[in-house]
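Chemist: What follows is a single structure, and I will ask about it in a moment.
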Amino acid sequence: MKSLTKQLKAKQQANETIFVPYIMAGAQGLDQLADEIQLLTDAGASAIELGIPFSDPVADGPVIQAAGLRALENKVTLRKIIQQLKQIKTPTPLVLMTYFNPVFSYGLETFIQELAETNVLGLIIPDLPYEHQKLLTPLLKESDISLIPLIALTTPKERISELAAAGDGFIYAVAVNGVTGVGRNYQEIVDEHLAYIQKVSDKPVLAGFGVSTKEHVERFRKSCAGVIVGSKIVQLLSEGKQGEVKAFIQEAIKNEV
714 MKSLTKQLKA
724 KQQANETIFV
734 PYIMAGAQGL
744 DQLADEIQLL
754 TDAGASAIEL
764 GIPFSDPVAD
774 GPVIQAAGLR
784 ALENKVTLRK
794 IIQQLKQIKT
804 PTPLVLMTYF
814 NPVFSYGLET
824 FIQELAETNV
834 LGLIIPDLPY
844 EHQKLLTPLL
854 KESDISLIPL
864 IALTTPKERI
874 SELAAAGDGF
884 IYAVAVNGVT
894 GVGRNYQEIV
904 DEHLAYIQKV
914 SDKPVLAGFG
924 VSTKEHVERF
934 RKSCAGVIVG
944 SKIVQLLSEG
954 KQGEVKAFIQ
964 EAIKNEV
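Each residue of the sequence shown is one higher than the one before, counting from 714 in the numbering used here.
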């Protein structure tokens with residue numbers, strides 16, 4: 714079992730709320746990345762998802778797209794991010810969320826080898842279909858890096874089982890149809906969807922896309938292991954509200970008795 718799976722399963726078994734904040738690497742400048750990771754660690758993040766800026770971010774809502782554009786304007790690249798991560802020491806597992814094109818351009822083997830020198834323990838690549846994952850899985854076999862699957866609301870049940878069995882780290886359950894962002898109304902079918910994935914998966918299931926309030930977190934904790942929160946965190950950081958970020962995470966992970 715890979716380290717990311719092991720660490721998150723331990724939290725799940727202890728009935729702790731798994732909370733994975735997302736930030737766009739370099740949106741405030743790469744020199745801020747270490748401080749942002751430290752802030753999220755201090756707040757109690759279970760793992761931290763780092764977005765890689767990309768010119769065509771098909772899965773990202775407006776807040777994250779804007780952060781990605783700021784990072785691109787700051788001349789932030791995947792290569793620069795990895796070089797920065799090699800210098801950052803943190804006890805919190807890091808998960809890279811990137812599109813496939815930057816990884817392919819980097820060189821698949823070189824990419825995985827260099828990640829081994831960082832605290833990146835997971836990869837999310839939303840535009841890499843399950844059928845094409847063999848481009849990466851042989852390289853990941855000997856590494857401690859998990860390839861995390863995304864499962865949509867529209868995914869058929871037989872395919873859910875297949876994706877859940879093949880994935881590692883945790884299962885990223887997309888809680889809405891569409892892109893990331895705050896202020897969405899969740900369909901009632903979501904709870905049933907999450908509970909089913911958790912039933913067929915031996916890894917923690919986390920709900921993402923649009924999670925932005927403590928009430929969302931409490932709702933999803935009834936049917937899965939925790940949440941991923943992106944746009945809310947990215948927005949607060951862009952406004953310089955680090956204190957609100959910390960308070961939000963600490964409040965969200967409290968387990969009320």
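We put the beta carbon where it would ideally sit given N, CA and C, even for glycine. Please read all numbers here as calculations on a predicted model, not as lab measurements.
PHE961: buried (16+ other C-beta within 10 angstroms of its C-beta) or exposed?
Modeler: By one-based count along the sequence shown, residue 961 stands at place 248. PHE961 is buried by the Cβ-count criterion.
Chemist: Have a look at ALA723 and GLY781 and give me their C-alpha separation to the nearest angstrom.
Modeler: In the sequence shown, the residue the question calls residue 723 occupies position 10. In the sequence shown, the residue the question calls residue 781 occupies position 68. Between ALA723 and GLY781, the C-alpha separation is close to 33 Å.
Chemist: Report yes if the C-beta distance between PRO851 and ILE731 is below 7 Å; otherwise report no.
Modeler: By 1-based counting over the sequence shown, the position of residue 851 is 138. By 1-based counting over the sequence shown, the position of residue 731 is 18. In this structure, ILE731 does not lie closer than 7 Å to PRO851 by Cβ.
Chemist: Can you give the Cα-Cα distance for VAL776 and VAL940, rounded to whole angstroms?
Modeler: Locating residue 776 in the sequence shown gives position 63, counting from the first residue. Locating residue 940 in the sequence shown gives position 227, counting from the first residue. Cα to Cα, the separation comes out at about 18 Å.
Chemist: Considering ILE966, what are the terminal residues of the alpha helix (DSSP H) in which it resides?
Modeler: Counting from one through the sequence shown, the residue named residue 966 turns up at place 253. Per DSSP, ILE966 belongs to no alpha helix (DSSP H) and is neither H nor E.
Chemist: Could you give the distance in angstroms between the alpha-carbon of ILE858 and the alpha-carbon of LYS715?
Modeler: Residue numbering aside, residue 858 sits at position 145 when the sequence shown is read from its first letter. Residue numbering aside, residue 715 sits at position 2 when the sequence shown is read from its first letter. Their backbone Cα atoms lie some 7 Å apart in a straight line.
Chemist: Could you tell me the distance, in whole angstroms, from the CA atom of ILE946 to the CA atom of PRO734?
Modeler: As a position in the sequence shown, residue 946 is number 233, starting the count at 1. As a position in the sequence shown, residue 734 is number 21, starting the count at 1. If I take the Cα positions, the gap works out to 7 Å.
Chemist: Along the chain, where does the beta strand (DSSP E) containing PRO851 start, and where does it finish?
Modeler: Residue numbering aside, residue 851 sits at position 138 when the sequence shown is read from its first letter. Note, PRO851: premise wrong, no beta strand (DSSP E); alpha helix (DSSP H) at 850–853.
Chemist: Report yes or no: do the region 860–868 and the region 826–833 share at least 3 C-beta pairs separated by less than 8 Å?
Modeler: Touching, no, given that fewer than three Cβ pairs across the two stretches are closer than 8 Å.
Chemist: Hey, quick one: how far does the beta strand (DSSP E) through LEU809 stretch, first residue to last?
Modeler: Position 96 of the sequence shown, counted from the start, is the residue given in the question as residue 809. Where LEU809 is concerned, the enclosing beta strand (DSSP E) stretches over 807–810.
Chemist: Could you tell me whether the Cβ atoms of PRO806 and LEU791 are closer together than 7 Å?
Modeler: If you number the sequence shown from 1, residue 806 lands on position 93. If you number the sequence shown from 1, residue 791 lands on position 78. No, the pair does not count as a contact, with Cβ atoms beyond the cut-off.
Chemist: If you pair each beta-carbon of the region 922–940 with each one of the region 953–960, do three or more pairs fall below 8 Å?
Modeler: Not touching, per the Cβ criterion.
Chemist: When we look at the beta-carbon of THR718 and count the other beta-carbons within 10 Å, is it buried (16 or more) or exposed?
Modeler: Here residue 718 refers to the residue found at position 5 when the sequence shown is read from its first residue. It is buried - the Cβ of THR718 has at least 16 other Cβ atoms within 10 Å.
Chemist: Specify, as a first and last residue, the run of the beta strand (DSSP E) that TYR885 falls within.
Modeler: Working through the sequence shown from its first residue, we reach residue 885 at position 172. TYR885 -> beta strand (DSSP E) spans 884–887.
Chemist: Do the region 907–926 and the region 875–890 touch if we need at least three Cβ pairs shorter than 8 Å?
Modeler: Yes, since at least three Cβ pairs between the region 907–926 and the region 875–890 fall closer than 8 Å, the two stretches touch.
Chemist: Select from ILE873, PRO766 and GLY880 the residue whose C-alpha is nearest the C-alpha of LYS912.
Modeler: Residue numbering aside, residue 912 sits at position 199 when the sequence shown is read from its first letter. For the residues ILE873, PRO766 and GLY880, the minimum Cα distance to LYS912 belongs to ILE873.
Chemist: Assign ILE861 to one of three DSSP states: helix, strand, or coil.
Modeler: Working through the sequence shown from its first residue, we reach residue 861 at position 148. It is coil, neither helix nor strand.
Chemist: Do you know how far the Cα of GLU786 is from the Cα of VAL889?
Modeler: By one-based count along the sequence shown, residue 889 stands at place 176. By one-based count along the sequence shown, residue 786 stands at place 73. For VAL889 and GLU786, the distance between alpha carbons rounds to 30 Å.
Chemist: Comparing C-alpha positions only, which one of ILE966, GLU952 and LYS967 sits nearest to LYS779?
Modeler: Translated into the one-based positions of the sequence shown, residue 779 becomes position 66. Correcting the residue identity first, residue 779 is Ala in this sequence and not Lys. Checked all of ILE966, GLU952 and LYS967; the closest Cα to ALA779 is GLU952.
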